[in-house]
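Be aware that the sequence shown starts at 0, since it is given in numbering that gives the first Met the number 0, and climbs by one per residue. All residues carry an ideal CB built from backbone N, CA and C; glycine is no exception. Being a predicted model, the structure only gives us computed values, none of them experimental.
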Amino acid sequence: MDAFFITDGRSRRRSEDQRRGGHRHSCNECGKSYATSSNLSRHKQTHRSLDSKMARKCPTCSKAYVSMPALAMHILTHNLQHKCGVCGKAFSRPWLLQGHMRSHTGEKPFGCSHCGKAFADRSNLRAHMQTHSAFKHYKCRQCEKTFALKSYLNKHCESACFKGAEHSCEREN
Numbered sequence: 000m001d002a003f004f005i006t007d008g009r010s011r012r013r014s015e016d017q018r019r020g021g022h023r024h025s026c027n028e029c030g031k032s033y034a035t036s037s038n039l040s041r042h043k044q045t046h047r048s049l050d051s052k053m054a055r056k057c058p059t060c061s062k063a064y065v066s067m068p069a070l071a072m073h074i075l076t077h078n079l080q081h082k083c084g085v086c087g088k089a090f091s092r093p094w095l096l097q098g099h100m101r102s103h104t105g106e107k108p109f110g111c112s113h114c115g116k117a118f119a120d121r122s123n124l125r126a127h128m129q130t131h132s133a134f135k136h137y138k139c140r141q142c143e144k145t146f147a148l149k150s151y152l153n154k155h156c157e158s159a160c161f162k163g164a165e166h167s168c169e170r171e172n
């Protein structure tokens with residue numbers, strides 16, 4: 000497990016704290032818990048209504064947000080300063096452009112410590128790591144195959160083996 004956190008780029012200390020039950024800050028509305036009060040505070044913004052006094056609108060397009068960090072990230076999308084020299088696609092942040100460039104170069108610097116499969120971005124590696132998990136809560140009704148992520152189940156359900164077949168996939172109890 001430690002290899003995952005090292006390869007994934009997250010600190011080992013934080014992940015060890017979480018495995019020991021280090022989530023000390025709980026939301027009184029939904030029960031979700033967080034390791035830091037700032038993360039809890041950020042989460043609490045999601046419970047606000049778009050009609051509330053706390054909601055804010057983007058000054059450029061008037062889209063409403065209840066989360067101030069989400070609004071700040073959205074505002075950046077109106078200022079796309081970082082352009083791809085290959086295809087011209089523009090990005091609001093340099094790291095997004097850097098990740099996009101890998102689609103042109105084929106570079107996949109994030110490798111799975113379990114099977115060696117490589118990925119262009121860390122988020123795809125994190126999702127892939129779930130496939131090595133013993134917890135596979137999503138099951139296909141058609142063939143009984145189980146998956147750790149709902150997105151992987153959905154992809155399976157859209158595969159060629161199901162074309163023309165009437166089926167539905169669901170979460171296992």
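1. If the criterion is Cβ atoms closer than 8 Å, does the pair C111 and M128 meet it?
2. Please state whether DSSP places T104 in a helix, a strand or coil.
3. Does DSSP put C156 in a helix, a strand or coil?
4. Leaving aside the five residues before and after A54 along the sequence, list all residues of the same chain whose C-beta is less than 8 Å from its C-beta, in chain order.
5. Between K82, C86, G30 and G87, which lies nearest to W94 when the distance is taken from Cα to Cα?
6. Let me confirm a value: S158 is counted as buried when at least 16 other C-beta atoms fall within 10 Å, else exposed. Which label applies?
7. Give every residue of the same chain whose Cβ lies closer than 7 Å to the Cβ of L39, excluding the five residues on either side of it in the sequence, and list them in chain order.
The answer reads as follows:
1. yes
2. In this structure, T104 counts as helix in the three-state DSSP scheme.
3. helix
4. R47, S48, A63, Y64 and V65
5. K82
6. exposed
7. For L39, where only same-chain residues beyond five positions count, the Cβ hits under 7 Å are H24, C26 and Y33.
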